[in-house]
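Number of protein chains: 2
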Amino acid sequence: MQNLFARPVEQNAGEHLEALLVRRGFTLERILSSGHASPPGFWYDQDRDEWVALLAGDAELLFEEGAERVLLRAGDHLLIPAHKRHRVERTSSDAVWLTLHFAP
Amino acid sequence: MQNLFARPVEQNAGEHLEALLVRRGFTLERILSSGHASPPGFWYDQDRDEWVALLAGDAELLFEEGAERVLLRAGDHLLIPAHKRHRVERTSSDAVWLTLHFAP
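Line order of the protein sequences matches chains L and F.
So for the first sequence, my numbering puts the first residue at 1; every next one is plus one.
So for the second sequence, my numbering puts the first residue at 1; every next one is plus one.
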């Protein structure tokens, strides 16, 4: 049985990404972050809508529009429309994300 | 901000189902179970594949084929192919499910 909260024995700093389901129309991924932040000046600008849930830990997203900061705690989830530019400002060392990318 | 672990103030016994995303090709749902079990003799027999994750609590599924029992703890997830008959044998009072149904 696979577990969403399981962490690999050795995990480097940064992000560990795992595709759980890749189907026509959507991709479901699990991401383990360990104190990760997007590189300075980097913005995600995605062609697909993204539903994102933080399953464990806490994190902060920054949206370019209005310089909006969004703090997430374990369980928080939101929809990020395609081309809504955003970045990960910080994550705790125990952050687990679940993301679903799909055509808008 | 919506939270996957949040529970309504008053929750009846049984199941509380909430559609998070309904798109062409898939449906993402959150289900709060509180000591719920499928009715006696009832089997789910679904037209679509289902990815199911237990985010909190614990639960037991029963698959008709081989009378296979599957115990789930928080974080466990699995794929249930379409028409694989199964039922929920029991859930703890604090169970939170996340399910993704999609065309096979």
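Built from N, CA and C at the ideal position, the CB exists for glycine as well.
With respect to chain F, the C-beta atom of L:Phe5 has a partner C-beta closer than 9 angstroms.
Annotation: F:Leu72 to F:Trp97 spans about 11 angstroms, alpha carbon to alpha carbon. Apart from sequence neighbours up to five positions away, the residues of its chain that approach F:Pro104 with a beta-carbon distance below 8 angstroms are Arg48, Asp49, Pro81, Ala82, ordered along the chain. Interface flag for F:Phe102 against chain L is set, since a Cβ pair is found closer than 9 angstroms. Annotation for L:His101: Thr27, Arg48, Glu50 place their beta carbon closer than 6 angstroms to its own, counting only its chain and skipping 5 residues before and after.
A straight-line Cα-Cα distance of about 16 angstroms links F:Arg30 and F:Leu79. For L:Ala95 and F:Gly25, the gap between their C-alpha atoms comes out near 29 angstroms.
Interface flag for F:Arg90 against chain L is unset, since no Cβ pair is found closer than 9 angstroms.
Residue range 14-23 is occupied by the beta strand (DSSP E) that includes F:His16. Where F:Val9 is concerned, there is no enclosing beta strand (DSSP E), because DSSP gives it neither an H nor an E. Residues of the segment 32-62 of chain L that bring their beta carbon within less than 8 angstroms of a beta carbon in chain F comprise Trp51, Ala53, Leu55, in sequence order.
Judged by DSSP in its simplified three-state form, F:Ala82 adopts coil rather than helix or strand. Closest in C-alpha terms to F:Leu32, from the list F:Trp43, F:Phe63, F:Pro8, comes F:Pro8. Relative to the Cα of L:Ala56, the nearest Cα in the group F:Glu64, F:Ser34, F:Gly75 belongs to F:Gly75.
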